[in-house]
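Beneath this line is the structure, given in structure tokens, with notes to follow.
Protein chains: 2
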Amino acid sequence: MDARTTHALAAETLTAEGEVGIVTPQRIAFPEGIDLTCGQRLAPLEAVYETYGTLAPDQSNVILLCHALSGGAHAAGRHHPDDRKPGWWDLYIGPGKALDTNRFYIICINALASPYGTTSPLSIDPSSGQPYHLNFPPIKVTDWVELERIVLDALGIQRIYAVVGGSTGGMRAFEWAVRYPERVQKALVIAAPARSSPMVIALNHIQRQTILMGLEYGGVEGAERGLMLARMLAHISYLSEPALWSKFGRDTVPEAEFWSVTYQVESYLEYKGSTFLQRFDPFCYLYITRAMDNFDLGYTYGEGDLRRALMRVQARMRFVSFTSDWLFPPAGQQEAVEILQSLGKPADHVVIDSPWGHDSFLVERVKPQLKPVIKEFLEE
Amino acid sequence: MDARTTHALAAETLTAEGEVGIVTPQRIAFPEGIDLTCGQRLAPLEAVYETYGTLAPDQSNVILLCHALSGGAHAAGRHHPDDRKPGWWDLYIGPGKALDTNRFYIICINALASPYGTTSPLSIDPSSGQPYHLNFPPIKVTDWVELERIVLDALGIQRIYAVVGGSTGGMRAFEWAVRYPERVQKALVIAAPARSSPMVIALNHIQRQTILMGLEYGGVEGAERGLMLARMLAHISYLSEPALWSKFGRDTVPEAEFWSVTYQVESYLEYKGSTFLQRFDPFCYLYITRAMDNFDLGYTYGEGDLRRALMRVQARMRFVSFTSDWLFPPAGQQEAVEILQSLGKPADHVVIDSPWGHDSFLVERVKPQLKPVIKEFLEE
Numbered sequence: 006m007d008a009r010t011t012h013a014l015a016a017e018t019l020t021a022e023g024e025v026g027i028v029t030p031q032r033i034a035f036p037e038g039i040d041l042t043c044g045q046r047l048a049p050l051e052a053v054y055e056t057y058g059t060l061a062p063d064q065s066n067v068i069l070l071c072h073a074l075s076g077g078a079h080a081a082g083r084h085h086p087d088d089r090k091p092g093w094w095d096l097y098i099g100p101g102k103a104l105d106t107n108r109f110y111i112i113c114i115n116a117l118a119s120p121y122g123t124t125s126p127l128s129i130d131p132s133s134g135q136p137y138h139l140n141f142p143p144i145k146v147t148d149w150v151e152l153e154r155i156v157l158d159a160l161g162i163q164r165i166y167a168v169v170g171g172s173t174g175g176m177r178a179f180e181w182a183v184r185y186p187e188r189v190q191k192a193l194v195i196a197a198p199a200r201s202s203p204m205v206i207a208l209n210h211i212q213r214q215t216i217l218m219g220l221e222y223g224g225v226e227g228a229e230r231g232l233m234l235a236r237m238l239a240h241i242s243y244l245s246e247p248a249l250w251s252k253f254g255r256d257t258v259p260e261a262e263f264w265s266v267t268y269q270v271e272s273y274l275e276y277k278g279s280t281f282l283q284r285f286d287p288f289c290y291l292y293i294t295r296a297m298d299n300f301d302l303g304y305t306y307g308e309g310d311l312r313r314a315l316m317r318v319q320a321r322m323r324f325v326s327f328t329s330d331w332l333f334p335p336a337g338q339q340e341a342v343e344i345l346q347s348l349g350k351p352a353d354h355v356v357i358d359s360p361w362g363h364d365s366f367l368v369e370r371v372k373p374q375l376k377p378v379i380k381e382f383l384e385e
Numbered sequence: 006m007d008a009r010t011t012h013a014l015a016a017e018t019l020t021a022e023g024e025v026g027i028v029t030p031q032r033i034a035f036p037e038g039i040d041l042t043c044g045q046r047l048a049p050l051e052a053v054y055e056t057y058g059t060l061a062p063d064q065s066n067v068i069l070l071c072h073a074l075s076g077g078a079h080a081a082g083r084h085h086p087d088d089r090k091p092g093w094w095d096l097y098i099g100p101g102k103a104l105d106t107n108r109f110y111i112i113c114i115n116a117l118a119s120p121y122g123t124t125s126p127l128s129i130d131p132s133s134g135q136p137y138h139l140n141f142p143p144i145k146v147t148d149w150v151e152l153e154r155i156v157l158d159a160l161g162i163q164r165i166y167a168v169v170g171g172s173t174g175g176m177r178a179f180e181w182a183v184r185y186p187e188r189v190q191k192a193l194v195i196a197a198p199a200r201s202s203p204m205v206i207a208l209n210h211i212q213r214q215t216i217l218m219g220l221e222y223g224g225v226e227g228a229e230r231g232l233m234l235a236r237m238l239a240h241i242s243y244l245s246e247p248a249l250w251s252k253f254g255r256d257t258v259p260e261a262e263f264w265s266v267t268y269q270v271e272s273y274l275e276y277k278g279s280t281f282l283q284r285f286d287p288f289c290y291l292y293i294t295r296a297m298d299n300f301d302l303g304y305t306y307g308e309g310d311l312r313r314a315l316m317r318v319q320a321r322m323r324f325v326s327f328t329s330d331w332l333f334p335p336a337g338q339q340e341a342v343e344i345l346q347s348l349g350k351p352a353d354h355v356v357i358d359s360p361w362g363h364d365s366f367l368v369e370r371v372k373p374q375l376k377p378v379i380k381e382f383l384e385e
């Protein structure tokens with residue numbers, strides 16, 4: 006592997022940073038909808054997005070930021086002064102931050118089928134007057150990209166300086182570079198490969214079947230308990246064994262219950278599951294995980310040949326991986342980088358030594374390593 | 006790490022091997038039962054065991070073999086000539102095999118709470134006349150060892166030449182060496198550490214909660230679907246990402262169903278889940294996984310200090326790990342070996358380079374590497 010490590014880069018200092026402050030989500034409607042990859046037309050359609058920074062008059066400073074499975078358009082700042090938490094990537098978005106709002110105009114669009122405002126299985130199906138739920142059409146990562154494209158088109162933005170995303174957001178960033186090569190100048194793909202592995206499919210299958218079992222036996226309440234369990238499993242897959250040792254070890258809880266919670270790690274998982282239930286939806290989860298499974302750029306753009314698909318790329322690309330990520334291990338990204346390099350494309354791979362697993366790009370402790378890797382790439 | 010690799014050992018040839026042939030399970034009753042670590046007395050008690058080879062007149066050739074979570078006493082040979090499959094470790098038990106029945110007398114005892122004949126949650130609770138189910142008392146690995154001890158006592162066997170086990174069987178082998186140091190001459194611990202990690206606890210928690218959710222919403226049928234899903238998750242944890250790529254890649258099935266099975270790996274998991282359901286029980290699964298979680302030799306024998314616990318060991322010990330085992334990674338075994346070595350105990354660690362994950366010790370392709378590691382240890 007010619008992957009670079011971050012030791013050389015980590016020396017860069019974290020310069021003074023500011024906050025984006027109060028932000029207001031925008032809503033955009035497409036009454037005609039879009040044609041999905043499954044052949045169905047989804048209409049009407051709405052999308053929610055947020056922007057940070059100021060669009061340059063020549064539109065040369067656009068960063069399209071793609072959120073992950075459980076994220077949304079709210080990437081930075083707060084909606085209200087008393088919001089307990091800022092947006093999901095506030096660590097990296099703002100004046101002086103990795104995505105520097107003094108220079109860049111950042112737009113983050115909530116993905117199709119996500120429960121955070123864009124049309125989803127929770128939206129009203131015009132043919133029934135009821136929420137779509139399982140009548141929502143199947144979607145793929147390509148449909149996510151198409152939704153982002155029509156939003157940008159509607160805003161009159163043709164050229165993207167950089168598309169940036171992690172996890173399923175990294176899938177979208179990667180697909181943008183392949184699908185619309187002439188529109189993307191740089192693409193930064195964090196913790197996402199060119200195709201989902203059978204391990205990802207297997208983990209997602211169990212999560213979906215748990216939700217569907219709950220739905221079958223317990224209706225919506227059962228589906229919600231299923232979603233909690235699915236999230237617990239997903240959460241484990243975002244962490245690593247060393248991270249679990251470090252956070253919980255074998256510590257027990259004060260009032261152990263034999264069949265529910267005896268150990269701290271169990272208590273933590275139940276807590277994570279229940280907070281997720283407050284903010285997510287089982288039907289959306291089913292659709293989004295299936296979109297992940299079906300992600301395969303070689304299949305979609307190269308008739309099964311990833312090399313052929315990647316010949317389309319024109320963007321300068323950087324891939325970032327984390328050593329302890331067992332959901333999307335560095336080897337998957339390295340495969341893509343080596344193909345790009347062998348095609349003479351400008352692409353590199355930065356492997357960050359982190360014990361925090363797949364979620365490292367969201368973990369504050371990793372920021373000193375990750376920030377310079379992003380900032381250097383965006384500003385060079 | 007001073008762990009040895011198998012390259013030097015693998016040159017040993019696989020000599021001519023024979024089969025143990027038809028075997029008959031034995032049954033032994035303990036009407037008075039035993040006192041469990043939880044303080045309850047479990048009575049009456051029955052245990053099922055099998056033996057292979059011939060007991061030496063001086064009883065110097067006894068190998069106690071400890072099965073894993075889903076195994077039983079039937080480790081080798083067949084019960085009937087037309088059995089489709091032999092016992093679970095037939096690869097390694099027989100004339101000329103790693104556990105050579107020309108030399109050794111091997112005994113394998115079905116563990117407490119396992120559904121294969123020994124007293125379990127499926128047995129009749131004398132206080133109700135109904136199966137115990139969730140009224141079965143909590144058990145620990147220590148109770149498994151105690152059941153094995155009373156069986157050996159009843160058979161008049163005091164001294165064990167070698168105790169051998171993998172996974173939860175490895176936990177028992179390790180605990181034997183700590184609990185009864187004067188009775189164990191050698192202990193071979195395969196893919197098992199001195200304590201379960203929070204990753205193991207987390208995975209087991211999700212599996213148990215899935216079974217319990219099924220039970221709550223769908224009764225026994227729901228618990229059984231829950232068991233299928235639990236097994237699928239466990240099965241993933243026994244494999245590795247490279248193994249899944251190699252076996253399934255992203256292959257799809259001919260008649261895909263969007264919400265059930267689209268990919269081969271999903272079909273495989275459903276198949277594995279349904280065959281497991283034919284041969285296992287959700288209640289037994291709950292108890293056995295909780296026993297795994299609670300395994301911690303430092304806690305049980307050293308007041309939290311593993312070093313203090315391991316001072317008890319007198320046996321010559323060998324630990325075997327597999328590079329791709331992410332359920333019980335080699336680092337866990339290495340920790341134990343280094344403590345034993347620092348105490349001047351004869352212990353070594355063989356790390357086998359295998360892509361087949363935790364289950365490598367059951368995989369035929371790993372036999373050329375594993376057989377000499379076992380045979381050398383047992384025959385030296």
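Chains as they are written, first to last, in the working numbering: chain A, 6 to 385; chain B, 6 to 385.
A virtual CB, placed ideally from N, CA and C, is assigned to each residue, including glycine.
Could you check whether residue j and residue i sit closer than 8 Å to each other, using their CB atoms as the reference points?
{"i": "Q338 of chain A", "j": "F327 of chain A", "result": "no"}
{"i": "L302 of chain A", "j": "V156 of chain A", "result": "no"}
{"i": "K372 of chain A", "j": "L96 of chain A", "result": "yes"}
{"i": "R230 of chain A", "j": "M297 of chain B", "result": "no"}
{"i": "L238 of chain A", "j": "Q212 of chain A", "result": "yes"}
{"i": "V168 of chain A", "j": "C289 of chain A", "result": "no"}
{"i": "G76 of chain A", "j": "Y110 of chain A", "result": "no"}
{"i": "D330 of chain A", "j": "H363 of chain A", "result": "yes"}
{"i": "P143 of chain B", "j": "C43 of chain B", "result": "yes"}
{"i": "L232 of chain A", "j": "L274 of chain A", "result": "no"}
{"i": "F253 of chain B", "j": "V270 of chain B", "result": "yes"}
{"i": "T305 of chain A", "j": "T147 of chain A", "result": "yes"}
Between residue i and residue j, what straight-line distance do the alpha-carbon atoms span, to the nearest angstrom?
{"i": "E153 of chain B", "j": "S172 of chain B", "result": "17 Å"}
{"i": "D105 of chain B", "j": "E246 of chain B", "result": "34 Å"}
{"i": "G123 of chain A", "j": "L117 of chain A", "result": "Residue identity check: residue 123 of chain A is Thr in the sequence provided, not Gly. Their Cα atoms are separated by approximately 6 Å."}
{"i": "A48 of chain B", "j": "E22 of chain B", "result": "42 Å"}
{"i": "T11 of chain B", "j": "K376 of chain B", "result": "With a pLDDT of 49 at T11 of chain B, under the threshold of 50, the modelled position of that residue is not reliable, and the figure given next carries that caveat. Each residue's alpha carbon lies about 10 Å from the other."}
{"i": "W94 of chain A", "j": "A341 of chain B", "result": "41 Å"}
{"i": "T18 of chain B", "j": "Q374 of chain B", "result": "Since pLDDT at T18 of chain B reaches only 47, below the 50 mark, its modelled position is unreliable, and no value is offered."}
{"i": "P287 of chain A", "j": "R46 of chain A", "result": "23 Å"}
{"i": "F366 of chain A", "j": "T215 of chain A", "result": "28 Å"}
{"i": "S359 of chain B", "j": "A248 of chain B", "result": "9 Å"}
{"i": "P100 of chain A", "j": "N107 of chain A", "result": "5 Å"}
Taking C-alpha atoms, which residue in the options lies nearest to residue i?
{"i": "I357 of chain B", "options": "B:I195, B:A178, B:G44", "result": "B:I195"}
{"i": "L80 of chain B", "options": "B:D88, B:I114, B:S251", "result": "Note that residue 80 of chain B is Ala in the sequence shown, not Leu. Nearest of B:D88, B:I114, B:S251 to A80 of chain B, Cα basis: B:I114."}
{"i": "E262 of chain B", "options": "B:F253, B:S272, B:H354", "result": "B:S272"}
{"i": "R177 of chain B", "options": "B:A192, B:Y166, B:E187, B:Q163", "result": "B:A192"}
{"i": "F300 of chain B", "options": "B:A48, B:P203, B:G161", "result": "B:P203"}
{"i": "V25 of chain A", "options": "A:A103, A:A61, A:A320", "result": "A:A103"}
{"i": "T294 of chain A", "options": "A:K145, A:M322, A:R313, A:E151", "result": "A:K145"}
{"i": "V333 of chain B", "options": "B:G134, B:A228, B:A197, B:P30", "result": "Before going further, note that residue 333 of chain B is Phe rather than Val in the sequence given. Selected option, being the one with the closest Cα: B:A197."}
{"i": "E4 of chain B", "options": "B:I344, B:G227, B:A314, B:Y166", "result": "Lying before the first or after the last residue shown, residue 4 of chain B is absent from chain B, which here runs from 6 to 385."}
At what residues does the alpha helix (DSSP H) containing residue i begin and finish?
{"i": "H85 of chain A", "result": "Premise fails: H85 of chain A is in no alpha helix (DSSP H) and is neither H nor E."}
{"i": "E226 of chain A", "result": "203–243"}
{"i": "K380 of chain A", "result": "372–384"}
{"i": "C289 of chain A", "result": "287–298"}
Since residue i is in the beta strand (DSSP E), which residue starts that stretch and which ends it?
{"i": "C113 of chain B", "result": "110–114"}
{"i": "S119 of chain B", "result": "Note, S119 of chain B: premise wrong, no beta strand (DSSP E); not H, not E."}
{"i": "S326 of chain B", "result": "321–327"}
{"i": "V356 of chain A", "result": "352–357"}
### Residues of the region 183–215 of chain A whose Cβ lies closer than 8 Å to any Cβ of chain B, in chain order
R200, S201, S202, P203, M204, I206, A207, L208, H210, I211, R213, Q214, T215
Check: Of all the residues that make up the region 232–253 of chain B, which are near chain A by a beta-carbon distance shorter than 7 Å?
Finding: L234, M237, L238, I241, E246, L249, W250, F253
Query - Residues of the region 320–339 of chain A whose Cβ lies closer than 8 Å to any Cβ of chain B, in chain order - result: Against chain B - using a Cβ distance shorter than 8 Å - the residues of the region 320–339 of chain A are W331, P334.
Please list the residues of the region 263–276 of chain B that have a C-beta atom closer than 9 Å to any C-beta atom in chain A, keeping them in chain order. F263, W264, S265, V266, T267, Y268, Q269, V270, E271, Y273, L274, E275
### Task
Note down, in chain order, all residues in the region 127–144 of chain B with a beta-carbon under 8 Å from any beta-carbon belonging to chain A.
L139, P143
Quiz prompt | Against chain A: residues of the region 219–233 of chain B by CB proximity under 9 Å | solution = G219, E221, Y222, G223, G224, E226, G227, R230, G231, M233
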